[in-house]
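Encoded as structure tokens, the structure appears first; notes follow it.
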Amino acid sequence: MTIVLPANLAIFALNPFRLIIIFLFLVVFLGTSGAFVPDVFLKQYKSMFRLRKHTFNGSLTHSSGKPVSFGVLSHVQWRDRSRLRHLLVKDSKLPSGPVSFPLGGIANPNMAGLYFTEISLGTPPSKYYVQIDTGSDLLWVNCANCNSCPRKTDLGVHLALYDPSSSSTSSTVMCGDSYCQNALSGCLAEEACGYQLGYGDGSSSEGFFVRDLLQLNIVAPGNKSVNRGAEVSFGCGTRESGGLHSSDQALDGILGLGQSSVSVLSQLRSNNEISGVFAHCLEGVGKGGGILVIGDVTAPGVVFTPIIRNQPHYNVNLNSITINDISIPIDSSASKDGGTIVDSGTTLAYFSDAAYIPLLQVIHDAVKIKTHSFEWQGMSCISYSGSNVEDLFPSINLNFDGGSSMTIRPHDYVIQAEGAQGHGWCIGFQSTGSSSLNLNILGDLVLKDKLIIYDLEQQRIGWVDYDCTSNVTVLAANGLETSVPFISIPIGSGTRRIFKPSLLEHSKLAIFLFLVAFLPSFNLGF
Numbered sequence: 001m002t003i004v005l006p007a008n009l010a011i012f013a014l015n016p017f018r019l020i021i022i023f024l025f026l027v028v029f030l031g032t033s034g035a036f037v038p039d040v041f042l043k044q045y046k047s048m049f050r051l052r053k054h055t056f057n058g059s060l061t062h063s064s065g066k067p068v069s070f071g072v073l074s075h076v077q078w079r080d081r082s083r084l085r086h087l088l089v090k091d092s093k094l095p096s097g098p099v100s101f102p103l104g105g106i107a108n109p110n111m112a113g114l115y116f117t118e119i120s121l122g123t124p125p126s127k128y129y130v131q132i133d134t135g136s137d138l139l140w141v142n143c144a145n146c147n148s149c150p151r152k153t154d155l156g157v158h159l160a161l162y163d164p165s166s167s168s169t170s171s172t173v174m175c176g177d178s179y180c181q182n183a184l185s186g187c188l189a190e191e192a193c194g195y196q197l198g199y200g201d202g203s204s205s206e207g208f209f210v211r212d213l214l215q216l217n218i219v220a221p222g223n224k225s226v227n228r229g230a231e232v233s234f235g236c237g238t239r240e241s242g243g244l245h246s247s248d249q250a251l252d253g254i255l256g257l258g259q260s261s262v263s264v265l266s267q268l269r270s271n272n273e274i275s276g277v278f279a280h281c282l283e284g285v286g287k288g289g290g291i292l293v294i295g296d297v298t299a300p301g302v303v304f305t306p307i308i309r310n311q312p313h314y315n316v317n318l319n320s321i322t323i324n325d326i327s328i329p330i331d332s333s334a335s336k337d338g339g340t341i342v343d344s345g346t347t348l349a350y351f352s353d354a355a356y357i358p359l360l361q362v363i364h365d366a367v368k369i370k371t372h373s374f375e376w377q378g379m380s381c382i383s384y385s386g387s388n389v390e391d392l393f394p395s396i397n398l399n400f401d402g403g404s405s406m407t408i409r410p411h412d413y414v415i416q417a418e419g420a421q422g423h424g425w426c427i428g429f430q431s432t433g434s435s436s437l438n439l440n441i442l443g444d445l446v447l448k449d450k451l452i453i454y455d456l457e458q459q460r461i462g463w464v465d466y467d468c469t470s471n472v473t474v475l476a477a478n479g480l481e482t483s484v485p486f487i488s489i490p491i492g493s494g495t496r497r498i499f500k501p502s503l504l505e506h507s508k509l510a511i512f513l514f515l516v517a518f519l520p521s522f523n524l525g526f
């Protein structure tokens, strides 16, 4: 998941001493990638996302023999292609309604450890597979001429490179464009709007922004669907580093589902293409996959908690954790630090030390069979050769503002220790490594097998236990209910792997927690 640093940011306003310190920390600790860093911490005070000049290497000549500047030519191309996009969208005249996306992946960190969807971009449309990430904002895909971008993956899908020149509706976003200005002031109007993205595992993507058509699969009553092209701006990645280009879990890009003005959701909402509600259901007990839908999702038994205002992510207030009759309070100062972040781009779940230490102790005390304890890959484990973890571990209730609770059952939060000496089950909760910053993250480990609803209109998040292989009910544009079916993207057989969080990941996390705690002006959020 990303650390998206929008570029009108205060990073350029830091005094030189702090800027040097931050730069040195970034150079040292973002040089090597890891697999499962809770990078939302980095995003909370956000990343190395800065927009920059994108260099055009080459020369063009008009028929008169006079050289043509890139700025003039790109403006002509932008005007023509914008008109073509407008005509295509206008001529479609298709009704708006719920938009659905298929999902692939699974929460088990010994397998995929992530969820992804299939999108279609351009004219004619081409397919791309991107990770869904509620902890970041930008949509970006790898582009043609990227030598460092992955060409294969063990996830069982075909990777492709987006080629702007192959799409008749593609155009480069220039620095003078309002989309670019939302992120950075000071970018010269005749230059292409470039970006650099840093991720919590040390990997990065850089390139430039383009504008093209995103195909929306609109669900109509009677299980019918129609495709409609919607104009969006997104990143065209020309260089990758770190874990993003590793072959085992490589994808074409990332679909950020955050709230900022540069996200695809915000762009589509501003054009009245979609409603302000979306939901995902991440299947975690079978073969994975699930449902991602944009629309007014309804389901019996949904409970809601408010989203904390003026935070860069989907932050909520976790008040306490209950196991049996024991309650673990969450420090009230947690809301000032961002509370608890709901993040589909994080695999596990992370708690501040003030919550993690007593939580781990209460879980161990509640284990019904007294057996050998051991540590595996940084997780606390119980030696147990059986498979019925429901009889061994306790259920956990997370209690939020508004009186709502989320029940986390043993099969949700325990992970089988594979390759360890002996057999056992490990607790998938992790410590943030900070005793001073009360910030927690709920990743796929606890979000799976639940319908999670993000209501941006009323600024709240809801959930209910759900069979993610069944249909989801959504209100159509005409007010009638329609069903969005479960459409899974199969993952490859080669996704089995051993989960190995690195020590470096925890070091990087500690460094950024230090920056947050001791450099208060390092505020890179939206």
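In terms of full-length UniProt numbering, the sequence shown opens at residue 1 and continues consecutively. Glycine is no exception: its CB is placed at the ideal position from the N, C-alpha and C atoms. Predicted, not measured: the structure shown is a model, and the values here were computed from it.
Item, Value
"Under 8 Å Cβ to Cβ from L360, same chain only, skipping five residues before and after it: list those, please.", "S380, I427, F429"
"Taking 7 Å as the limit between beta carbons, can you name the residues of its chain near L398, skipping five residues before and five after?", "L318, I321, S405, M406, I408"
"Using a 10 Å radius around the Cβ and a threshold of 16 neighbouring Cβ atoms, would you call T305 buried or exposed?", "buried"
"Just to confirm my understanding: we take S165, look at its own chain, exclude 5 residues before and 5 after, and list those with CB closer than 6 Å. What are they?", "none"
"Mark N438 as exposed unless 16 or more other C-beta atoms lie within 10 angstroms of its C-beta, in which case mark it buried.", "buried"
"So, is K90 buried or exposed, given that buried needs 16 or more other C-beta atoms within 10 angstroms?", "Because K90 carries a pLDDT of 46, less than 50, the predicted location of this residue cannot be relied on, and the following value inherits that uncertainty. With fewer than 16 Cβ atoms within 10 Å of its Cβ, K90 is classed as exposed."
"Would you kindly report the start and end of the unbroken alpha helix (DSSP H) that includes R269?", "264-270"
"Would G253 and V130 qualify as a contact pair, given that the criterion is a beta-carbon distance under 8 Å?", "yes"
"Could you check what DSSP says for S166 in three-state terms: helix, strand or coil?", "helix"
"For G462, tell me which candidate among T298, S488, D353 has the shortest Cα-Cα distance.", "T298"
"Am I right that R239 and S148 are in contact with their C-beta atoms under 8 Å? What's the rounded C-beta distance?", "6 Å"
"Return helix, strand or coil for A279, following the three-state DSSP convention.", "strand"
"From L188 to C175, what does the alpha carbon distance come to, in whole angstroms?", "6 Å"
"Considering only the beta carbon of each residue, do residue 528 and D163 sit closer than 8 Å?", "The structure shown does not extend to residue 528, since the chain spans only 1 to 526, so no value can be given for it."
"If the criterion is Cβ atoms closer than 8 Å, does the pair I291 and L103 meet it?", "yes"
"Taking buried to mean at least 16 other C-beta atoms within 10 Å of its own C-beta, is V28 buried or exposed?", "Here the model assigns V28 a pLDDT of 37, short of 50, so the residue's position is not dependable, and the following value carries that caveat. It is exposed - the Cβ of V28 has fewer than 16 other Cβ atoms within 10 Å."
"For the alpha helix (DSSP H) containing C180, name the first residue and the last one.", "178-181"
"How about the stretch 444-451 and the stretch 279-286: do they share at least three Cβ pairs that are nearer than 8 Å?", "yes"
"Do I308 and G339 have their C-beta atoms closer together than 8 Å?", "yes"
"Out of S136, P109, N227, which one is the CA nearest neighbour of D343?", "S136"
"List the whole-angstrom C-beta distance separating G424 from F374, where the pair is believed to meet the contact cut-off of C-beta under 8 Å.", "7 Å"
"What three-state label does DSSP hand P394 in the structure shown?", "coil"
"How about I323 and I274: are their beta carbons less than 8 Å apart?", "no"
"From G378, G386, F116, S126, pick the residue whose C-alpha is nearest to that of I369; which is it?", "G386"
"Please list, in chain order, all residues of the same chain as Q267 whose beta carbon is under 6 Å from its beta carbon, the five residues on each side excluded.", "V232"
"With a threshold of 8 Å on Cβ separation, who are the neighbours of V464 within its own chain once the five nearest residues in sequence on each side are excluded?", "A299, P300, G301, V302, V303, K450, L451"
"Taking the continuous alpha helix (DSSP H) assigned at L445, which residues delimit it?", "444-447"
"Which residue from E118, I415, L456 puts its Cα closest to that of G284?", "I415"
"Taking the straight line between their C-alpha atoms, what separation do you get for L456 and S383?", "44 Å"
"Measure from the alpha carbon of Q458 to the alpha carbon of each residue in Y195, V226, R228, Y314, then state which is nearest.", "Y314"
"Go ahead and pull the three-state DSSP assignment for Q361.", "helix"
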